[in-house]
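*Asks:* Before I ask anything, let me first share the structure, which is written out below as structure tokens.
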Amino acid sequence: MQLTVVTGMSGSGKTQVVRFLEDMGFFCIDNMPPILIEKFADMFFSVNGKYDKIAFVIDVRVGEMINQLLDTLQILKENGYDHRLLFLDASDETLVKRYKETRRIHPVASDKGLLESIRRERQMLAQLKEAADVVIDTTDMAISDLMQRLKEIYIHNGDPQKAITVNIMAFGFKYGIPLDSDLVFDVRCFPNPFYVEELKDKTGNDREVQEYVMKFEETQKFLEKLVDMVRFLLPLYVEEGKTSLTVSIGCTGGKHRSVTLANKLGEALEHYHVNLIYRDVARGR
């Protein structure tokens, strides 16, 4: 289980980080009192990998409890949890400008004005910044620059094959193209098992239908080229920051050819996180 604790200066970009982590499949909990982190980590760990990526956002909104965070992180380390402390920062001038633009109230109250609130917060978080595994200064960063830095941390240094979910959808053109498709392929040009009496009522999940569809040289060549293209594209989508790709394969009714080729593509992408969806298989031709 991966644990990330996000902290840092108010206005430094923590909200954007949380959105990125959510897109990466993290279960994010905002404004968590540090004393509860260990209990939540144990709870998530006990559900057998259902939640394998967790992010806690903890900052000065929790008040003096922020001082408990370093002790809590040490306990997590002693308990064997893989965790990362990510600290977001920005210059005082930048934070003042951002607060004036948003007109939000700073969480550290001060009767001496906004700049004094920022300086007090910086003092409160000094030890956390020093202990952080990663510090990102967003002073001169556009949102796209911040996203690129996060990709370097969470994707490029990890396994890119685990950074994207591939949804492979078999569908029937007679029922419409799936609206959430990223790539659509038409396999109606290949011989149709529907016209083979003993295969008519079976689907591409049955061995007999798969053998029929795949016995033709043109189908084999198509699958080879399809696999090659998708394997080529996936790292590029990961580089772009895409976390989910839907590849839709359509035949007439979504029962035989599309299901067969969806299954074959899924087998070829076994090292990726693949979801197979048979949208129209129960409808027939």
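Position one of the sequence shown corresponds to residue 1 (UniProt numbering), numbered consecutively onward.
Cβ atoms here follow ideal geometry from the backbone N, Cα and C, with glycine treated the same way.
These figures come from a predicted structure and were not determined experimentally.
Quick one: is Tyr-195 buried, meaning 16 or more other Cβ sit within 10 Å of its Cβ, or exposed?
*Replies:* It counts as exposed.
*Asks:* Out of Ala-142, Ile-35, Leu-245 and Phe-190, state which residue places its alpha-carbon closest to the alpha-carbon of Asn-167.
*Replies:* The shortest Cα separation from Asn-167 among Ala-142, Ile-35, Leu-245 and Phe-190 belongs to Leu-245.
*Asks:* Straight-line CA distance for Ala-109 to Ser-117?
*Replies:* Computed Cα separation, rounded: 6 angstroms.
*Asks:* Less than 8 angstroms separating the beta-carbons of Gly-254 and Val-187?
*Replies:* Contact flag unset, no.
*Asks:* So, are the CB atoms of His-256 and Thr-219 less than 8 angstroms apart?
*Replies:* Contact flag unset, no.
*Asks:* Excluding five sequence neighbours on each side, which residues of the same chain lie with their C-beta closer than 7 angstroms to the C-beta of Glu-38?
*Replies:* Closer than 7 angstroms at the Cβ level, and outside the excluded window around Glu-38, lie Thr-72, Ile-75 and Leu-76.
*Asks:* What residue range is occupied by the uninterrupted alpha helix (DSSP H) comprising Gln-220?
*Replies:* Gln-220 -> alpha helix (DSSP H) spans 217-240.
*Asks:* Can you tell me which of the three DSSP states Thr-15 falls into?
*Replies:* It is helical.
*Asks:* Roughly how far, in whole angstroms, is the beta-carbon of Leu-88 from the beta-carbon of Gly-8, given that I think they are within contact range, below 8 angstroms?
*Replies:* Right, the Cβ-Cβ distance comes to about 3 angstroms (below 8 angstroms), so this counts as a contact.
*Asks:* Touch check for the stretch 202-216 and the stretch 128-143: three-plus C-beta pairs under 8 angstroms?
*Replies:* As far as the Cβ criterion goes, the stretch 202-216 does not touch the stretch 128-143, which means the pair count is below three.
*Asks:* Touching or not, the stretch 219-229 and the stretch 147-157, by the rule of three or more beta carbon pairs under 8 angstroms?
*Replies:* Cβ pair count under 8 angstroms is below three, so no.
*Asks:* Would you give the residue range spanned by the alpha helix (DSSP H) that Gly-172 belongs to?
*Replies:* No alpha helix (DSSP H) holds Gly-172; the beta strand (DSSP E) holding it covers 165-172.
*Asks:* First and last residue of the beta strand (DSSP E) that includes Gly-8?
*Replies:* From DSSP, the beta strand (DSSP E) with Gly-8 extends over 2-8.
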